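**Student:** Residue numbers (my numbering): 70 to 358.
Think of the CB as a built atom: it goes at the ideal place given N, C-alpha and C, for glycine as much as any other residue.
Note that this is a predicted model, so its numbers are computed, not measured.
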Amino acid sequence: MKSPEIGVEPEFIEVIGARENNLRNIDVKIPRDRLVVITGLSGSGKSSLAFDTIYAEGQRRYIETFSAYARQFLGNLERPEVDQITGLSPVISIEQKTISRHPRSTVGTITEIYDFLRLLYARASIAYSYNTGEEMVRYSEEQITKLIIKEYRGKKIALLSPLVKGRKGHYRELFEQILKWGFLRARIDGEIHDLTDRYKLDRYKIHDIEIVIDRLIMDGSDETRIKQSVKTSLKYGKGILQVLDLESDDTRFFSKFLMCPTTGISYANPEPNLFSFNSPYGACPKCNG
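1. Does Ile282 come out as helix, strand or coil in the three-state DSSP assignment?
2. Rounded to the nearest angstrom, how far is the Cβ of Ser194 from that of Pro339, given a contact under 8 Å?
3. Relative to the alpha-carbon of Asn91, which residue among Thr178, Asp102, Thr108 and Asp121 has its alpha-carbon at the smallest distance?
4. Could you check which residue in Tyr208, Leu229, Arg267 and Arg294 has the C-alpha nearest to that of Tyr305?
5. What does the alpha-carbon distance come out to for the pair Asp184 and Ser324?
6. Measure the C-alpha to C-alpha separation of Asp283 and Cys356 and round it to an integer number of angstroms.
7. So which of Leu110, Gly86, Arg192 and Thr214 has the shortest CA-CA distance to Ile309?
8. Which one of Phe346, Pro354 and Glu83 has the shortest CA to CA distance from Gly57?
9. Determine the DSSP secondary structure at Ser116, reduced to helix, strand or coil.
10. Quick check: what's the CA-CA separation for Leu327 versus His171?
11. The alpha helix (DSSP H) that contains Gln153, what's its start and end?
12. May I have the straight-line CA-CA distance separating Leu189 from Leu248, to the nearest angstrom?
13. Go ahead and pull the three-state DSSP assignment for Tyr138.
14. Shortest alpha-carbon distance to Arg187 belongs to which of Leu343, Trp250 and Glu203?
15. Classify Glu83 as helix, strand or coil using the three-state DSSP reduction.
16. Which runs of the beta strand (DSSP E) at least 3 residues long sit entirely within the region 263 to 311? Give them in chain order.
17. Could you have a look at Phe346 and say whether DSSP puts it in helix, strand or coil?
18. As a quick exercise: from Ile99, Arg294, Ala196 and Asn145, pick the residue whose alpha carbon is nearest that of Arg129.
19. How far does the alpha helix (DSSP H) with Ile226 in it reach, from first residue to last?
20. How far does the beta strand (DSSP E) with Thr180 in it extend, from its first residue to its last?
21. Identify whether Leu253 lies in helix, strand or coil by the three-state DSSP scheme.
Pasting the structure below:
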């Protein structure tokens, strides 16, 4: 029989002279990369061909690639009764067995891949903003400082700590608290106001409020001040800060958590129980579903 050329992926798995169990020296060609069904009467040799011959040989070849040290813990796998098998790839076998069902069972729980998928989404996934479609980002305090120095060089900026976003209220007590913290200005609904003027809000309208932590000219002369202001902004913004370009009035968000850089939508860092239908942590906050 002609061997397949090196580097060329074979089109078939070819079995020559299979004699395992009740097989009688059969030859068969099975197309690769297809869904193939082996059918026949009970006892005709379906399992002998699929499991005891093809799977057994694929597993044996795979284990032969291990080091001699590793193979000593696995034991010897006998070669199946067959003359030759070509076109084999690494193999996986899923046995038929009786499974216990539950009203809350899913394909994921029955096949036991559910926990692995939760880990995959929690540790290796990339989150995207549902609002803009942008990739969510998170930074350390040091990274935020470096990005601000790099991207706002030569500009006049203000560092802001967001406190209120899209909520109604008069916020008199909040303004008094901001003054007690030692800050005199806040950006309210897109405009900077002096809080010592007893600024009043319509309690029935939606408001956005950010503390003005510092105003800076980014000429590179005082990096220590920038670092301290970033630290303070993150403290009062609970891990989130905004940079306001005082010339263009554009803003950008930076966060120590997963966040959309354009809208400031922020998510908690994903954990495996976020993707668990048995955990309240992963439930919808509105319907608890």
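**Tutor:** Reading from the atomic positions:
1. strand
2. In this structure, Ser194 and Pro339 form a Cβ contact; the two beta carbons are roughly 7 Å apart against a cut-off of 8 Å.
3. Asp121
4. Leu229
5. 29 Å
6. 41 Å
7. Thr214
8. Residue 57 lies beyond the range of the chain shown here (70 to 358); nothing can be said about it.
9. Note: Ser116 maps to helix in three-state DSSP.
10. About 35 Å.
11. For Gln153, no alpha helix (DSSP H) segment is defined; the enclosing uninterrupted segment is the beta strand (DSSP E) at Gln153 to Thr155.
12. 46 Å
13. Three-state result, Tyr138: helix.
14. Just measuring C-alpha positions, the residue of Leu343, Trp250 and Glu203 sitting nearest Arg187 is Leu343.
15. strand
16. 275 to 286, all fully within the region 263 to 311.
17. Phe346 falls in the coil class under three-state DSSP.
18. Asn145
19. From DSSP, Ile226 is part of no alpha helix (DSSP H) but of the beta strand (DSSP E) over Lys225 to Lys237.
20. From DSSP, Thr180 is part of no beta strand (DSSP E); its letter is neither H nor E.
21. If DSSP states are grouped into helix, strand and coil, Leu253 belongs with coil.
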